[in-house]
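Q:
Numbering (the numbering used here), first residue to last: 59 to 1017.
#1: Which same chain residues, not among the five before or five after residue 973, have their C-beta less than 7 Å away from its C-beta?
#2: Can you tell me whether residue 347 is buried or exposed? The criterion is at least 16 other CB atoms within 10 Å of its CB, across all chains shown.
#3: Quick check: residue 190 and residue 662, are their CB atoms within less than 8 Å of each other?
#4: Can you give me the start and stop residues for the beta strand (DSSP E) that residue 490 sits inside?
#5: Which value, in whole angstroms, describes the spacing of the CA atoms of residue 356 and residue 332?
#6: Between 550, 664, 214 and 120, which has its C-alpha nearest residue 176's C-alpha?
#7: Starting from residue 623, trace the alpha helix (DSSP H) in both directions and tell me its first and last residue.
#8: Give the straight-line distance between the Cα atoms of residue 50 and residue 441, rounded to the nearest whole angstrom.
#9: Give, in chain order, every unbroken run of the beta strand (DSSP E) that is at least 3 residues long and sits entirely within the stretch 233-291.
#10: Comparing alpha-carbon positions, which option in 170, 708, 200 and 167 lies nearest residue 182?
#11: For residue 582, which of 559, 603 and 847 has the nearest alpha-carbon?
#12: How is the alpha helix (DSSP H) around residue 931 delimited, first residue to last?
#13: In whole angstroms, what is the alpha-carbon distance linking residue 785 and residue 741?
#14: So which of 488, 778, 580 and 174 has the shortest CA-CA distance to residue 529?
#15: Output the residue ranges of the beta strand (DSSP E) runs that lie fully inside the stretch 669-749 and measure 3 residues or longer, sorted by chain position.
#16: Beta strand (DSSP E) containing residue 582: first to last residue?
#17: In this structure, how does DSSP classify residue 529 when only helix, strand and coil are distinguished?
#18: Residues in the same chain with beta-carbon distance under 6 Å from residue 204, minus the five sequence neighbours each way, listed in chain order, please.
#19: Report, in whole angstroms, the separation of the C-beta atoms of residue 896 and residue 994, which I expect to be a contact under 8 Å.
#20: Contact between the stretch 813-831 and the stretch 707-718 is defined here as three or more beta-carbon pairs at a separation below 8 Å; is this criterion met?
#21: Tell me which residues share the same chain as residue 640 and place their Cβ nearer than 6 Å to its Cβ, disregarding the 5 neighbours each side in the sequence.
#22: Can you give the Cα-Cα distance for residue 302 and residue 101, rounded to whole angstroms?
#23: Could you say which of 678, 392, 841 and 174 lies nearest to residue 421 if we only look at CA atoms?
#24: Quick check on the DSSP output: what are the complete alpha helix (DSSP H) runs of length 4 or more inside the stretch 879-966, in order along the chain?
#25: For the beta strand (DSSP E) that residue 833 lies in, which residues bound it at each end?
#26: Could you say which of 434, 254, 692 and 214 lies nearest to residue 722 if we only look at CA atoms?
#27: For residue 808, which residues of its own chain have a beta-carbon under 8 Å away from its beta-carbon, when the five flanking residues on both sides are left out?
#28: Where does residue 763 sit, in a helix, a strand or coil, going by DSSP?
#29: Rank 901, 506, 501 and 509 by C-alpha distance to the C-alpha of residue 520 and give the top, closest one.
#30: Can you have a look at residue 732 and say buried or exposed, based on whether 16 or more other CB atoms are within 10 angstroms of its CB?
#31: When the Cα atoms are used, what is the spatial distance from residue 387 to residue 88?
#32: Going straight from the alpha carbon of residue 844 to that of residue 824, what length do you get?
#33: Taking the alpha carbon of residue 279 as the point to measure from, which residue in 252, 234, 304 and 296 has its own alpha carbon closest?
#34: Do the stretch 396-409 and the stretch 146-153 meet, that is, are 3 or more Cβ pairs less than 8 Å apart?
#35: May I have the straight-line CA-CA distance separating residue 682 from residue 610, to the nearest angstrom?
#36: Alpha carbon to alpha carbon, how far is residue 131 from residue 690?
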């Protein structure tokens, strides 16, 4: 939908399609009043009728199909698309999604507000799947930055289209930065030291932005190193710097209500005017805050201007970026826009249905197979499909409304004829001990989702029991709302065998019987005030499943999660185990039918130790959208290859995973790169129905310079009896690094399809800079000279061929610390420290996690020759006790600096002391922090300090 047109006699320069876009943007910007420009800083930018400019809003959800707008093609979740390892397929999925978004934009009324459906798509999610317990695991592509960036770039190119001038849709990368936990997400800080920042978290965003494929980014809810992402200097220093060579600026948007969170939840600023000003100056161009109520955030920004906290130039800079994007989307050139003619018939188009089927099929991963799969139609005519996900498909929060649903049971029945369908769920009656009445006048099928959380589905209507407005209702066919009203806990009563209490998870309140009229209400605050219910099992789900399995030739047990229960946006998982009732159901079925295949349909990995040990076959798929059943049936029956490969590690149940808030992938040991215990199923794992052999690994050069490149060649042969797909994975590792190098690091990959008996020769171009690590001394990426291994593998644990590579160049010099500033965060190792903000605007510092305990920083191989003094930059709020900073070598103390009180966390001063004796040579330098203070940096000096042992002068804010 284009902006309103002015009469031809009133056409203005910004309407002239022959002018350079920058001139058109400047012309339109100059014609807008200050109030009109400020109003454009809100998500819902109003129309400017006097100029013929229409209303505009930022943001439509399009992660794996258009969502929240009605029926649209539903593709597999992003983690499922990640499992395809197929860039071309991901690009095509994005293309179909953007085509449907164009149809909604032009032919359907907006969901809210005055502006048409936005062509700015808030996708893809580029956050890395560091912790499989993350509630939003389903939204990311993988745990690896190279894999994630490649698929994200493909998605962005599919969304944007290939017209050199106009965009089909404008992809926005989410969520910047280091966002991988839901619990308390708006107030937790991700501690990301420089190596982790540059080698891991930024590494997923950098290539996508630098390629020009992305048009924008969304800031994350969390804090990084103590500073909210919405005021992070990394927006300008990194994101926008990467985009400069592309010729287009990134348009950066806030996440919903995050600008207000800067004050309301994070208490980072004293008032909203100050916080909104800081966000704008940090690079936020559009404020998604207060929903349709633009008046509140716009009023704050107007006051910020009046108070001198921002300038008109700050406003213009953000509005210019918005207008530039709108020109690229064709808003002001409807007659030239090549995508303007897209009609409504593209929504749920047959071609998109076929693409959804292909994407769902390509994402299926065969985790284990002892020969049960593919199923032999002749030998296994009787199939029992069992489990709570056997005959149902669930939508996640960012799913569109599926136009149809093919369940696993339905897909198999369509392929092989009638199948037995058993949910394996208990059917229970809950009867009031007070009135004797049956709850809801119906029995309920109970689904266990783990952590004692269940849903109760009416046996009569199939609708869910829910708690709304203090009453119990049976009305929702599906669980899909931001506030989930349909989850409960059945709490046993210790002194009353057979009785349970019914507690609603959302409200925390219990069901009770209103003494006045006998109605069941959900208002009881305590167990003592709750109604007791007699729980009678009228159908034993496990027993029914056992009977069905015993009568079948093969059992397919379909287990997994509901995307809106227990692990979802705003809620992380507590662990990786299957729900207890699901695990028990699986074991019961396998006991009577050894020919049992487990199909896990989930948003995230599970610990499947028992299944892997006892079952002949295990399969995983994400929630695959409308075509899930057709896809799984095709793979289970061998009509399609299991072409998926895991995009993240599946850990064992007894693997003690690091704390969810430990973002230091290096020290904590996250992902295949650093995890020290072998997973159950590694990153990149996936079996095939055919066999592949790798041979003839060759490097174009076995010795290469630090700034060089080489070709890695390998031949893949299909030695099996049927065609198949394989993902050739190329990893690298340093064999004797001076730093803590990854165990292995993906540097390239390619998905290939090879016919039976054929082979394919592949060549990968490998720039040596892909072997680089972030050098904390230089503050830049560097490739150390030395020996490396190039590994061709089937997964991160299944290495097939290895070649040695030598990189030549100048050996790294010792760390330079004399008469130059060394940032405290540029340590090589540490213990007991937390990364914090040096100022509200910029800079990082360190502080002890517990001021009562010493914290340590290690700086390896520092050249201390000639050092006689040390100067430190510190901040300390007045408090009890002393604070000091000690400098050590391995065999002696060098000196102690007493830390003075500065009065505020962001008030910095310098303190100094003379070293104890002469120091020569290269040493590992250790700093010990005692007490409650912050350290921004230090400097070893070749001259004695001006005032030994005392503060010297107030220091500028550290950058």
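The beta-carbon is built from N, C-alpha and C at its ideal position, and this holds for glycine as well.
Note that the structure is predicted; figures quoted are calculated from it, not measured.
A: Based on what the coordinates show:
#1: Along the chain shown, read from residue 1 onward, the residue named residue 973 stands at position 915. Cβ neighbours of residue 973 beyond the five flanking positions: 925, 926, 927, 928, 952 and 953.
#2: Here residue 347 is taken as the residue at index 289 of the chain shown, counted from 1. Counting Cβ neighbours within 10 Å, residue 347 comes out buried, since at least 16 surround it.
#3: For the purposes of this step, residue 190 is taken as the residue at position 132 of the chain shown. For the purposes of this step, residue 662 is taken as the residue at position 604 of the chain shown. Contact flag set, yes.
#4: Position 432 of the chain shown holds residue 490. First-last of the beta strand (DSSP E) with residue 490: 484-490.
#5: Against the chain shown, residue 356 aligns to sequence position 298. Against the chain shown, residue 332 aligns to sequence position 274. So the alpha carbons of these two residues sit roughly 13 Å apart.
#6: For this step, residue 176 is matched to residue 118 along the chain shown. Looking at the Cα atoms, 120 is the closest of the given residues.
#7: Mapped onto the chain shown, residue 623 falls at position 565. Where residue 623 is concerned, there is no enclosing alpha helix (DSSP H), given that its DSSP letter is neither H nor E.
#8: There is simply no residue 50 to check, as the chain begins at 59 and stops at 1017 in what is shown.
#9: 274-277
#10: Taking the chain shown and counting its residues from 1, the one referred to as residue 182 is at position 124. Nearest C-alpha to residue 182: 200.
#11: For the purposes of this step, residue 582 is taken as the residue at position 524 of the chain shown. Selected option, being the one with the closest Cα: 559.
#12: As a first step, residue 931 is located in the chain shown; it is residue number 873 there, counting from the start. Run containing residue 931: none in the alpha helix (DSSP H); it sits in the beta strand (DSSP E), 927-933.
#13: Stepping through the chain shown from its first residue, residue 785 is reached at position 727. Stepping through the chain shown from its first residue, residue 741 is reached at position 683. Whole-angstrom Cα-Cα distance: 12 Å.
#14: If you number the chain shown from 1, residue 529 lands on position 471. The shortest Cα separation from residue 529 among 488, 778, 580 and 174 belongs to 580.
#15: 675-679
#16: Against the chain shown, residue 582 aligns to sequence position 524. Unbroken beta strand (DSSP E) run through residue 582: 578-582.
#17: Here residue 529 refers to the residue found at position 471 when the chain shown is read from its first residue. Note: residue 529 maps to strand in three-state DSSP.
#18: For the purposes of this step, residue 204 is taken as the residue at position 146 of the chain shown. Once the five neighbours on either side are set aside, the close Cβ partners of residue 204 are 804.
#19: Residue numbering aside, residue 896 sits at position 838 when the chain shown is read from its first letter. Residue numbering aside, residue 994 sits at position 936 when the chain shown is read from its first letter. Right, their Cβ atoms sit about 5 Å apart.
#20: no
#21: Along the chain shown, read from residue 1 onward, the residue named residue 640 stands at position 582. Only 617 meet the Cβ criterion.
#22: Start at 1 with the first residue of the chain shown, and residue 302 comes out as number 244. Start at 1 with the first residue of the chain shown, and residue 101 comes out as number 43. Whole-angstrom Cα-Cα distance: 25 Å.
#23: Your numbering for residue 421 matches position 363 in the chain shown. The shortest C-alpha separation from residue 421 is found at 678.
#24: none
#25: The residue labelled residue 833 in the question sits at position 775 within the chain shown. Taken as a continuous stretch (DSSP letters only), the beta strand (DSSP E) holding residue 833 covers 831-833.
#26: The sequence position of residue 722 within the chain shown is 664, counting from 1. That would be 254, whose Cα lies nearest to the Cα of residue 722.
#27: Within the chain shown, numbered from 1, the residue matching residue 808 stands at position 750. So the list reads 785, 786, 820 and 822, once near-sequence residues are dropped.
#28: By 1-based counting over the chain shown, the position of residue 763 is 705. Three-state DSSP puts residue 763 in a strand.
#29: Residue mapping note: residue 520 aligns to position 462 of the chain shown, counting from 1. Among 901, 506, 501 and 509, the Cα nearest to that of residue 520 is on 501.
#30: Within the chain shown, the letter at position 674 stands for residue 732. Buried: at least 16 other Cβ atoms inside 10 Å.
#31: As a first step, residue 387 must be located in the chain shown, where it is residue number 329. As a first step, residue 88 must be located in the chain shown, where it is residue number 30. When rounded, the distance between both Cα atoms is 21 Å.
#32: What you label residue 844 is simply residue 786 of the chain shown in a count that begins at 1. What you label residue 824 is simply residue 766 of the chain shown in a count that begins at 1. So the alpha carbons of these two residues sit roughly 17 Å apart.
#33: Against the chain shown, residue 279 aligns to sequence position 221. Of the candidates 252, 234, 304 and 296, the one whose C-alpha sits nearest the C-alpha of residue 279 is 234.
#34: no
#35: For the purposes of this step, residue 682 is taken as residue 624 along the chain shown, with counting starting at 1. For the purposes of this step, residue 610 is taken as residue 552 along the chain shown, with counting starting at 1. Cα-Cα distance, rounded: 27 Å.
#36: Within the chain shown, numbered from 1, the residue matching residue 131 stands at position 73. Within the chain shown, numbered from 1, the residue matching residue 690 stands at position 632. If I take the Cα positions, the gap works out to 18 Å.
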